[in-house]
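Peer 1: Submitted below is the structure of interest, expressed as structure tokens.
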Amino acid sequence: MNSKFVEIINSVRPEIRFNTEQDTELFGVLDSLDIILIVEELERQFDISIEAEQIVPENFASLRTLEAFVKSRAQ
Amino acid sequence: MNLQFQGARINGIQLVLPKREVSFDSEASSYDFSLQQSAKLKAVLGFDRRRVVADDVTCSDLVVAGFEALSRDGLLDLKTLDALIVVTQTPDYLIPGTSYVIHGRLGLRQDMLCLDINQGCAGFVVGLTTAFSLLNQKAIRRVALVNADVVSRLVAFGDRNSRPIIGDAASITIVDATSDESLIYGNIKVDGIGWDALMVPAGGMKIRPNTQTAIPEIDANGNSRALDNLVMRGDAVFNFVMKEVPTMIHSLLENGGVALSQVDGFAFHQPNPFMLRKLAEKLGVPLEKMPMDLVRKFGNSSGVSIPAVLCTNFEASYFEQPRVMCLAGFGVGLTWGSLLINMSKISFLNVLEV
Chain A
47 MNSKFVEIIN
57 SVRPEIRFNT
67 EQDTELFGVL
77 DSLDIILIVE
87 ELERQFDISI
97 EAEQIVPENF
107 ASLRTLEAFV
117 KSRAQ
Chain B
46 MNLQFQGARI
56 NGIQLVLPKR
66 EVSFDSEASS
76 YDFSLQQSAK
86 LKAVLGFDRR
96 RVVADDVTCS
106 DLVVAGFEAL
116 SRDGLLDLKT
126 LDALIVVTQT
136 PDYLIPGTSY
146 VIHGRLGLRQ
156 DMLCLDINQG
166 CAGFVVGLTT
176 AFSLLNQKAI
186 RRVALVNADV
196 VSRLVAFGDR
206 NSRPIIGDAA
216 SITIVDATSD
226 ESLIYGNIKV
236 DGIGWDALMV
246 PAGGMKIRPN
256 TQTAIPEIDA
266 NGNSRALDNL
276 VMRGDAVFNF
286 VMKEVPTMIH
296 SLLENGGVAL
306 SQVDGFAFHQ
316 PNPFMLRKLA
326 EKLGVPLEKM
336 PMDLVRKFGN
346 SSGVSIPAVL
356 CTNFEASYFE
366 QPRVMCLAGF
376 GVGLTWGSLL
386 INMSKISFLN
396 VLEV
């Protein structure tokens, strides 16, 4: 996984220590505050726009689904 | 449902704010946030300053001070009130309704109607639609709509999701009958399936408060709350707002035959700046037409947020000529409601600090 991407998730919940090697569940781990901070940071650092209706459990299920979603927004 | 009203106007609004201000910086150590997280939360979610009452201050205290100021300043003759509607989730007592407490404390006349409504973030819209309906009665020419909440007294000290944004406030909106024939359009919807997305589990008849309901427990995200405290499922609220509110606003504007660009101002409930920005983007509303700074300056004051936006972002003189305003509230219930209203000749938009 992209290390910059994992770094962003880690900056919001540093105590969990997400890593680039392992897919980790996010849904049920992150709360609404975390998700908002992650969206804001992903938009800023990857220069993408995340629509409100895309902030849904399907896209935030795990590190891998979120990374795939970010890639799709960047294209 | 689509609603339509005629023969009613907002005469003036008095906002009442507690003088006591607390800052996120002073409270940040209560939560498990890193310095970096705290800085981000301030920037993105508006965690900054909020107004809260002291532990013994109730809604009626704020409201009575507001009415007394209006009377003292010659802006309102209390004897002209035909109805008093109080919208709150934090009543002084379970019984009687807070409207009666206010009626008694102010010594209002007996020949009038008092009504209490338990509503939160959609409470200004629900209250106004009720006021407009009452004005169909010939005997009712003036309604005082009170929105008041002291939710800070219900939020747990260790609730990092809710406590940093919750503010207390009250507002008094004077709604008069008018011969002006312009129409007011409304739209209200409810989804009671989500009744537990925002709630206080104990305190009513289902779970009586006791020593057990006061014991805090820590959830998976580090929030510490008891059954006596407010609990908000932020993800559920966010998803419902983003799904339902834009659709509602489009339907309201279509019903009123008004284009989005013809609306002069969007005074929306203020959950946090992030949600408001996302709503504005989705609706295509220019950010300068939708104030979103209330949480940062005063906190989210539930049903008072819309009148607070009007009183802190607009001068009465702005409404010397008619302005098309779109008001929207959404939250507990779940409820979402909006109004498209021509506001003009507003007598006062005051802020009182007590």
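Top line first, the protein sequences correspond to chains A and B.
Converting from the first sequence to our numbering requires adding 46 to each position, the first position being numbered 1.
Converting from the second sequence to our numbering requires adding 45 to each position, the first position being numbered 1.
Cβ coordinates follow ideal geometry from the N, Cα and C atoms, glycine included.
Would you check if there are 3 or more beta carbon pairs closer than 8 Å linking the region 344–357 of chain B to the region 158–170 of chain B?
Peer 2: Yes: at least three Cβ pairs fall under 8 Å.
Peer 1: How about B:P246 and B:D204: do their beta carbons lie closer than 9 Å?
Peer 2: No, they are not a contact pair.
Peer 1: If you measure between the beta carbons of B:A189 and B:T218, is that distance less than 9 Å?
Peer 2: For B:A189 and B:T218, yes; Cβs fall inside 9 Å.
Peer 1: Return the first residue and the last residue of the alpha helix (DSSP H) that B:Q82 is part of.
Peer 2: Taken as a continuous stretch (DSSP letters only), the alpha helix (DSSP H) holding B:Q82 covers 80–90.
Peer 1: Can you tell me which residues form a DSSP beta bridge with A:K50?
Peer 2: Per DSSP, none; premise fails for A:K50.
Peer 1: Helix, strand or coil: how does DSSP classify B:R205 here?
Peer 2: If DSSP states are grouped into helix, strand and coil, B:R205 belongs with coil.
Peer 1: Please list, in chain order, all residues of the same chain as B:M335 whose beta carbon is under 7 Å from its beta carbon, the five residues on each side excluded.
Peer 2: So the qualifying residues of the chain are F311, F313, L321, A325.
Peer 1: Taking Cβ-Cβ distances shorter than 8 Å, what residues in chain A pair up with B:Q81?
Peer 2: Correct list: S57.
Peer 1: Between which two residues does the beta strand (DSSP E) containing B:D264 stretch?
Peer 2: Careful: B:D264 lies outside any beta strand (DSSP E) and carries neither H nor E.
Peer 1: Quick check: the Cα distance between A:I96 and B:K323, rounded to an integer number of angstroms?
Peer 2: Cα to Cα, A:I96 sits roughly 9 Å from B:K323.
Peer 1: How far does the alpha helix (DSSP H) with A:Q91 in it extend, from its first residue to its last?
Peer 2: Residues 78–92.
Peer 1: Please classify B:Y138 as buried or exposed, where buried requires at least 16 neighbouring CB atoms within 10 angstroms.
Peer 2: Exposed, by the Cβ-count rule.
Peer 1: Any C-beta of chain A sitting closer than 9 Å to the C-beta of B:M293?
Peer 2: By this cut-off, B:M293 is not an interface position.
Peer 1: Assign A:P60 to one of two classes, buried (16 or more other C-beta atoms within 10 Å of its C-beta) or exposed (fewer than that).
Peer 2: So A:P60 ends up on the exposed side.
Peer 1: So which residues of chain A does B:D204 contact, with C-beta pairs closer than 7 Å?
Peer 2: Here the premise fails: no neighbours, minimum Cβ distance about 11 Å.
Peer 1: Look up B:Y36 in the DSSP assignment and say whether it is helix, strand or coil.
Peer 2: The displayed coordinates of chain B run from 46 to 399. Any statement about residue 36 of chain B would go beyond what the structure contains.
Peer 1: Are the C-beta atoms of A:V52 and some chain B residue less than 9 Å apart?
Peer 2: Output row for A:V52: interface = no.
Peer 1: For B:D280, decide whether its Cβ has a neighbour in chain A, counting only Cβ atoms nearer than 9 Å.
Peer 2: Yes, B:D280 counts as interfacial toward chain A.
Peer 1: Keeping to the same chain, check which residues put their C-beta closer than 8 Å to that of B:L48; ignore five residues upstream and five downstream.
Peer 2: Same-chain partners within the cutoff: T174, Y230, G231, N232, I233.
Peer 1: Counting only runs that start and end within the region 52–79 of chain B, where is the beta strand (DSSP E) found for 3 or more residues in a row?
Peer 2: DSSP runs (the beta strand (DSSP E)) wholly in the region 52–79 of chain B: 53–62, 66–68.
Peer 1: Are the Cβ atoms of B:S346 and B:D122 separated by less than 9 Å?
Peer 2: Result no, Cβ atoms of B:S346 and B:D122 do not sit closer than 9 Å.
Peer 1: Leaving out the 5 sequence neighbours to the left and right, which residues in its chain are closer than 7 Å to B:P261 when beta-carbon positions are compared?
Peer 2: Closer than 7 Å at Cβ, skipping near neighbours: A201, G203, S269, R270, A271.
Peer 1: Taking the straight line between their C-alpha atoms, what separation do you get for A:Q91 and A:V85?
Peer 2: Approximately 10 Å, taken between the alpha carbons.
Peer 1: Only counting the same chain, and skipping five residues up and downstream in sequence, which positions put a Cβ closer than 8 Å to that of B:L397?
Peer 2: Q59, L60, V61, L62, A110, G111, A114, listed in sequence order.
Peer 1: Can you check whether the C-beta of A:L72 is within less than 9 Å of a C-beta belonging to chain B?
Peer 2: No - not a single Cβ of chain B is within 9 Å of the one on A:L72.
Peer 1: Using 10 angstroms around the beta-carbon of B:T380, count the other beta-carbons present and answer buried if the total reaches 16, otherwise exposed.
Peer 2: Buried: at least 16 other Cβ atoms inside 10 Å.
Peer 1: For A:A120, count neighbouring Cβ atoms within 10 angstroms of its own Cβ and tell me buried if that reaches 16, exposed if not.
Peer 2: Exposed is the call here.
Peer 1: Measuring straight from C-alpha to C-alpha, what distance separates B:A304 and B:M293?
Peer 2: About 14 Å.
Peer 1: For chain A, find out if any of its Cβ atoms is closer than 9 Å to the Cβ of B:F283; answer yes or no.
Peer 2: Answer yes: the Cβ-Cβ gap between B:F283 and chain A drops below 9 Å somewhere.
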